[in-house]
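Top to bottom, those sequences are chains A and B. Counting from 1, one number per residue, gives the positions in the first sequence under our numbering. Counting from 586, one number per residue, gives the positions in the second sequence under our numbering. Here a beta-carbon is modelled for each residue, glycine too, at the ideal position from N, C-alpha and C.
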Amino acid sequence: MSIRLAVGQGSCGIAAGAQKVANALRPLLAGSEVQLGTVGCIGMCWLEPIVDLYENDTLKARLVRVQPNHAEAIAEAAKSGDLSGIAELVIQPEDSAFLEQQTRIALRNCGIIDPESLESAKAAGAYSALGKILSTGMTPEDVIEVIKVSGLAGRGGAGFPTWFKWNAARQSAGDEKYLICNADEGDPGAFMDRAVIESDPHTLIEGMLIGAYAIGAKEAIVYVRAEYPLAIRRLENAICDAREAGYIGKNIMETDFSCEFRIKAGAGAFVCGEETALIESLEGQRGMPRLKPPFPAQSGYWNKPSNINNVETFANVAWIISNGGEAFAAMGTEDSKGTKVFALTGKIRRGGLVEIPMGMTLRQVIFEIGGGIRDGGTFKAVQMGGPSGGCIPASLLDTVIDYKKLAATGAIMGSGGMVVMDDSTCMVSMAKFFLDFTAKESCGKCVHCRIGTKRLQEILTRITEGEGQEGDIELMEELCNAVRDGALCGLGQTAPNPVLSTLRYFRDEFEAHIRDKRCPAHTCTALLHVSIDAEKCRGCTACARNCPVYAISGAVKEPHEINADACIHCGRCKAVCKFGAVIVE
Amino acid sequence: MQCECTKQKSDLSLLEPVLAEYAAVPGSLITILQHAQEIYGYLPTDVLYRIAECTGNSPARVLGVATFYTQFRFQPVGKYLIMLCDGTACHVNGSARIAAAVQEYLHVENGGTTEDGLFSFSIVACLGCCSLSPVMMINGDTYGSLTPEQVLEILKDIQAKEAAE
Ligand SMILES: Cc1cc2nc3c(=O)[nH]c(=O)nc-3n(C[C@H](O)[C@H](O)[C@H](O)COP(=O)(O)O)c2cc1C
Ligand code: FES
Chain A
1 MSIRLAVGQG SCGIAAGAQK VANALRPLLA GSEVQLGTVG CIGMCWLEPI VDLYENDTLK
61 ARLVRVQPNH AEAIAEAAKS GDLSGIAELV IQPEDSAFLE QQTRIALRNC GIIDPESLES
121 AKAAGAYSAL GKILSTGMTP EDVIEVIKVS GLAGRGGAGF PTWFKWNAAR QSAGDEKYLI
181 CNADEGDPGA FMDRAVIESD PHTLIEGMLI GAYAIGAKEA IVYVRAEYPL AIRRLENAIC
241 DAREAGYIGK NIMETDFSCE FRIKAGAGAF VCGEETALIE SLEGQRGMPR LKPPFPAQSG
301 YWNKPSNINN VETFANVAWI ISNGGEAFAA MGTEDSKGTK VFALTGKIRR GGLVEIPMGM
361 TLRQVIFEIG GGIRDGGTFK AVQMGGPSGG CIPASLLDTV IDYKKLAATG AIMGSGGMVV
421 MDDSTCMVSM AKFFLDFTAK ESCGKCVHCR IGTKRLQEIL TRITEGEGQE GDIELMEELC
481 NAVRDGALCG LGQTAPNPVL STLRYFRDEF EAHIRDKRCP AHTCTALLHV SIDAEKCRGC
541 TACARNCPVY AISGAVKEPH EINADACIHC GRCKAVCKFG AVIVE
Chain B
586 MQCECTKQKS DLSLLEPVLA EYAAVPGSLI TILQHAQEIY GYLPTDVLYR IAECTGNSPA
646 RVLGVATFYT QFRFQPVGKY LIMLCDGTAC HVNGSARIAA AVQEYLHVEN GGTTEDGLFS
706 FSIVACLGCC SLSPVMMING DTYGSLTPEQ VLEILKDIQA KEAAE
């Protein structure tokens, strides 16, 4: 019997202390039968660090929130097979349900295989789809047909049919073509691409090789953002292994198919996620988008036909080839096929990665899988699609997850970030947050985006600072339309969405800020009024001692008072008051 | 007035292997800049001039590319670079409080470096660990689920370690 302890070591596991756990276990297991292994991210980020106990490759127990001081008990249990000493670490059934409700295709191996071992990936089926194509004589056209039947659409945001792009690149004239993977993942709140690369790099490589075969590319490039050092390292390692094993390079699997691989680290610019800006960046330029057409399929990297897909898109490809396009298309809705990965974050109880068939409702994902709002808060909205998307309110929680249905709400599927917000979030300042982001990330090439986002940001800043004026809402709407219609690339065209969608569902909050100079969520500090309830105040002086601007006065054991003119509404007095005497309204 | 760039004296020989490998490869400017920053910790002006000269670009173009990307710095950074995330998830989960704690404790502004040269502080967008928000990264190590108290502990640990050395 073989016993193995696998420590989840994606970036999030490591941040939670997984390496320390592994380091504590290593000496304790030395010389014993029990093996110690590394796996990637299973997506249950709120339970990290996670250690899985395998017996003959079957999961026997999943241990959660493991700390180095648990190592001894775990090592003991693994050696003896008696788990009673670690019963408290074993995952609770309601937490296991998080995974059981999912259907995993893109994430199928994440958290299960060792991301640094080709053997481990091969045992899980890596490169068998490529083998099937090359050994059964499937032509590139056959491959494209399977992808067409599957209905796979781009997971990077726009949701464009993958087969169509592949076909266009295939049919473009010329020998020199490029296949590019977009791993720039700039949408704040989305991290599925990182998880796939860190946890299962060979699935990405295989998907890209199949894409390269289909379009006729001899070179494949992965553009990864520099903020993902671990992903870059594991991918480099995987490319090396795959090359040695004959999956990359000349005459792959002893056939005529040849393809080289290369990683390019991004340098930090959100707009480089846009495909033509990404190409500019690959060429060593400022990452400013190009006018389309021509599309990259006709003229891309070095003006050669190029195809760009997202990481998650590629992660589905090998599965589709192995299982058939029909199997993928059998899942989902009329409009959207297969599964989609979502990154559940924010005020959610169970935050992590969720892969579900299209067609589930937002409510199912957020409440059934994600467990609803944490710390007893009330659901207010979910932000989808990041800076290009919008906020969906509680009244639309039964919206079905599908490209068209989500777009109808004013949000978008986007890359799959779902940031859940509770009633402590001010929607006006959320809109401002996104416009701060796009105004900063606007590359400056076109006027509408460069100046339009700046003006929107200024108006929103004014409103959150209590300087809003009648007519601001109408002015923003006009500006939003102008920016959307006039911008060169997707960044500018979608930058108004966070404003328009919050205006659509939370107009009363904007009005409260502008007319009543009031922030209903109590977060816009300039609009707050802080006072002390004389009945509750015991005169402990904690608030006065902690006030950074000395705005609080009062004698010991007497009710204190706040000088409203000096107060900067920082809320520190409320945080330190033990008697709940500070009122913020 | 004398040109600023002549005042700087970086050891340009350190850059030669990078230039030898990439200068002639089309499209490598960003890669060269990344290597240069790894070597010098930032991009000194004389280094930028040298890169321009060897890659056949004008200095303006090299600087134009370098300033486009947030990764590149033009001032030396502290020994520890604190990158605090203010992406959507971290923002919703209170990154502003963490930022305030760091700034108050170290007396640094966003983008600044402490007087002792130990810490630089920079607010960035999404580090990709959103489920552990709020998140920060110090020299490549990620710390998650932060509270203002924890941040101070982490900073104090680093200071103690440095003082001991
Ligand atoms: C401002 C902007 C940022 C984008 N960022 C990303 C990104 O980080 N990752 C990504 O895969 N696609 C991103 N996209 C979408 C890409 O332009 C492109 O549509 C996508 O990579 C194509 O791959 P797919 O068809 O597999 O989705 C972005 C688009 C825009 C306009
Ligand atoms: S939003 Fe902070 S790590 Fe993603």
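| query | With a Cβ-Cβ cutoff of 8 Å, do B:GLY713 and A:TYR228 count as a contact? | reply | Stepping through the second sequence from its first residue, residue 713 of chain B is reached at position 128. Stepping through the first sequence from its first residue, residue 228 of chain A is reached at position 228. Yes; because the gap between Cβ atoms is below 8 Å, this pair is in contact.
| query | From A:MET421 to A:GLY486, what does the alpha carbon distance come to, in whole angstroms? | reply | For the purposes of this step, residue 421 of chain A is taken as residue 421 along the first sequence, with counting starting at 1. For the purposes of this step, residue 486 of chain A is taken as residue 486 along the first sequence, with counting starting at 1. Those two C-alpha atoms are separated by around 31 Å.
| task | Return yes when the C-beta of A:LYS165 is under 7 Å from any heavy atom of ligand 1, and no when it is not. | result | For the purposes of this step, residue 165 of chain A is taken as the residue at position 165 of the first sequence. Checking every heavy atom of ligand 1 against the Cβ of A:LYS165, one is found closer than 7 Å.
| task | Give, in chain order, every residue of the stretch 696-729 of chain B whose Cβ lies closer than 9 Å to some Cβ of chain A. | result | VAL709, ALA710, CYS711, LEU712, GLY713, CYS714, CYS715, SER716, LEU717, SER718, VAL720, MET722, GLY725, ASP726, THR727, TYR728, GLY729
| request: Please go through the same chain and pick out, in chain order, the residues whose beta-carbon is closer than 7 Å to the beta-carbon of B:SER613, but skip the five residues on each side of it. | output: Counting from 1 along the second sequence, the entry for residue 613 of chain B is found at position 28. The answer, listed in chain order, is TYR607.
| ligand 2 heavy atoms versus the CB of B:VAL720: any closer than 7 Å? | Against the second sequence, residue 720 of chain B aligns to sequence position 135. It does: the Cβ of B:VAL720 is within 7 Å (strictly closer) of some heavy atom of ligand 2.
| field | Selection from A:MET430, A:ALA16, A:GLY40, A:ARG286 that minimises the alpha carbon distance to A:VAL271 | value | Looking up residue 271 of chain A in the first sequence gives position 271. Of the candidates A:MET430, A:ALA16, A:GLY40, A:ARG286, the one whose C-alpha sits nearest the C-alpha of A:VAL271 is A:ARG286.
| query | Given A:VAL21, which residues of its chain have a CB within under 8 Å of its CB, disregarding the five upstream and five downstream residues? | reply | Start at 1 with the first residue of the first sequence, and residue 21 of chain A comes out as number 21. VAL7, PRO49, VAL51, VAL66, GLN67, PRO68, HIS70, ALA71, listed in sequence order.
| said: Strictly below 8 Å CB to CB, what residues from chain B border A:GLY287? | reply: Indexing the first sequence from 1 puts residue 287 of chain A at position 287. By Cβ distance, chain B contributes PHE653, TYR654.
| said: What would DSSP say about A:PHE270, mapped onto helix, strand or coil? | reply: Position 270 of the first sequence, counted from the first residue, corresponds to residue 270 of chain A. Correct three-state label for A:PHE270: helix.
| said: Comparing C-alpha positions only, which one of A:TRP163, A:ILE221, A:CYS110 sits nearest to A:ASP142? | reply: Counting from 1 along the first sequence, the entry for residue 142 of chain A is found at position 142. Nearest of A:TRP163, A:ILE221, A:CYS110 to A:ASP142, Cα basis: A:TRP163.
| message | Can you tell me whether B:HIS692 is buried or exposed? The criterion is at least 16 other CB atoms within 10 Å of its CB, across all chains shown. | response | Within the second sequence, the letter at position 107 stands for residue 692 of chain B. Classification for B:HIS692: exposed.
| If you run the structure through DSSP and keep just helix, strand and coil, what is A:PRO498? | The count along the first sequence starts at 1 and reaches residue 498 of chain A at position 498. Here A:PRO498 sits in helix by DSSP.
| said: Considering only DSSP beta bridges, list what A:ASN310 is partnered with. | reply: By one-based count along the first sequence, residue 310 of chain A stands at place 310. Partner(s): A:ASN182.
| Of the listed residues A:PRO294, A:PRO188, A:SER258, A:MET331, nearest to A:GLY273 (C-alpha basis) | Taking the first sequence and counting its residues from 1, one reaches residue 273 of chain A at position 273. Closest by alpha carbon: A:PRO188.
| task | Report yes if the CB atom of A:GLY324 is closer than 8 Å to the CB atom of A:ILE147, and no otherwise. | result | Reading the first sequence from its first residue, position 324 is the one you call residue 324 of chain A. Reading the first sequence from its first residue, position 147 is the one you call residue 147 of chain A. No, the pair does not count as a contact, with Cβ atoms beyond the cut-off.
| Rounded separation between A:ASP193 and A:ILE42 - CA only | Reading the first sequence from its first residue, position 193 is the one you call residue 193 of chain A. Reading the first sequence from its first residue, position 42 is the one you call residue 42 of chain A. Roughly 13 Å separates the two Cα atoms.
| From A:THR276, A:SER258, A:TYR247, residue whose alpha carbon lies closest to that of A:TYR223 | The count along the first sequence starts at 1 and reaches residue 223 of chain A at position 223. Closest option to A:TYR223, Cα to Cα, is A:THR276.
| query | Out of curiosity, what's the CA-to-CA distance linking B:HIS620 and B:GLU638? | reply | What you label residue 620 of chain B is simply residue 35 of the second sequence in a count that begins at 1. What you label residue 638 of chain B is simply residue 53 of the second sequence in a count that begins at 1. Approximately 16 Å, taken between the alpha carbons.
| request: Residues of the stretch 217-232 of chain A with a CB closer than 7 Å to any CB of chain B: list them in chain order, please. | output: Of all residues in the stretch 217-232 of chain A, only ALA226, GLU227, TYR228, PRO229 place a beta-carbon less than 7 Å from a beta-carbon of chain B.
| chain A contact for B:SER613 (CB, 8 Å cutoff) | Your numbering for residue 613 of chain B matches position 28 in the second sequence. Interface residue, yes.
| query | Do the CB positions of A:ILE252 and A:GLY246 come within less than 8 Å of each other? | reply | The residue labelled residue 252 of chain A in the question sits at position 252 within the first sequence. The residue labelled residue 246 of chain A in the question sits at position 246 within the first sequence. In this structure, A:GLY246 lies closer than 8 Å to A:ILE252 by Cβ.
| What is the DSSP secondary structure of A:CYS45, reduced to helix, strand or coil? | Locating residue 45 of chain A in the first sequence gives position 45, counting from the first residue. Here A:CYS45 sits in helix by DSSP.
| field | Under 7 Å by beta carbon: chain B residues contacting A:GLN383 | value | As a first step, residue 383 of chain A is located in the first sequence; it is residue number 383 there, counting from the start. The contacting residues are THR673.
| field | Bridge partners - A:GLU219, DSSP secondary structure assignment | value | Within the first sequence, the letter at position 219 stands for residue 219 of chain A. Answer by DSSP bridge pairing, in chain order: A:TYR178, A:GLU260.
| Which value, in whole angstroms, describes the spacing of the CA atoms of A:THR38 and A:GLY211? | Locating residue 38 of chain A in the first sequence gives position 38, counting from the first residue. Locating residue 211 of chain A in the first sequence gives position 211, counting from the first residue. Going from the Cα of A:THR38 to the Cα of A:GLY211 covers about 29 Å.
| task | Assign A:CYS391 to one of three DSSP states: helix, strand, or coil. | result | What you label residue 391 of chain A is simply residue 391 of the first sequence in a count that begins at 1. Strand.
| task | Would you mind stating whether A:ALA495 and A:THR438 have Cβ atoms separated by less than 8 Å? | result | Translated into positions along the first sequence, residue 495 of chain A becomes position 495. Translated into positions along the first sequence, residue 438 of chain A becomes position 438. Yes, the Cβ-Cβ distance between A:ALA495 and A:THR438 is below 8 Å.
| query | Do we get a CB-CB distance below 8 Å when we pair A:ILE14 with the residues of chain B? | reply | The sequence position of residue 14 of chain A within the first sequence is 14, counting from 1. For A:ILE14, the answer is yes, since a Cβ of chain B falls inside 8 Å of its Cβ.
| query | From what residue to what residue does the alpha helix (DSSP H) around A:ARG170 run? | reply | On the first sequence, position 170 is the one that residue 170 of chain A refers to. Residues 162-171.
| message | Within 8 Å, do at least three Cβ pairs link the stretch 400-412 of chain A to the stretch 471-481 of chain A? | response | no
| query | Quick one: is A:PRO140 buried, meaning 16 or more other Cβ sit within 10 Å of its Cβ, or exposed? | reply | The count along the first sequence starts at 1 and reaches residue 140 of chain A at position 140. With 16 or more other Cβ atoms within 10 Å, it is buried.
| request: Please list the partners that B:GLY649 has in chain A, where partner means a Cβ-to-Cβ separation under 7 Å. | output: One-based indexing of the second sequence puts residue 649 of chain B at position 64. The contacting residues are ARG286.
| request: Look at A:ALA544 and A:CYS567 and say whether their C-beta atoms are less than 8 Å apart. | output: The sequence position of residue 544 of chain A within the first sequence is 544, counting from 1. The sequence position of residue 567 of chain A within the first sequence is 567, counting from 1. Against a cut-off of 8 Å, the Cβ pair of A:CYS567 and A:ALA544 comes out as no contact.
| query | For the beta strand (DSSP E) that A:PRO357 lies in, which residues bound it at each end? | reply | Sequence index remark: in the first sequence, residue 357 of chain A carries index 357 (1-based). Where A:PRO357 is concerned, the enclosing beta strand (DSSP E) stretches over 352-357.
| field | Simplified DSSP state of A:CYS567, which is helix, strand or coil | value | As a position in the first sequence, residue 567 of chain A is number 567, starting the count at 1. The answer is coil: DSSP assigns A:CYS567 none of H, G, I, E or B.
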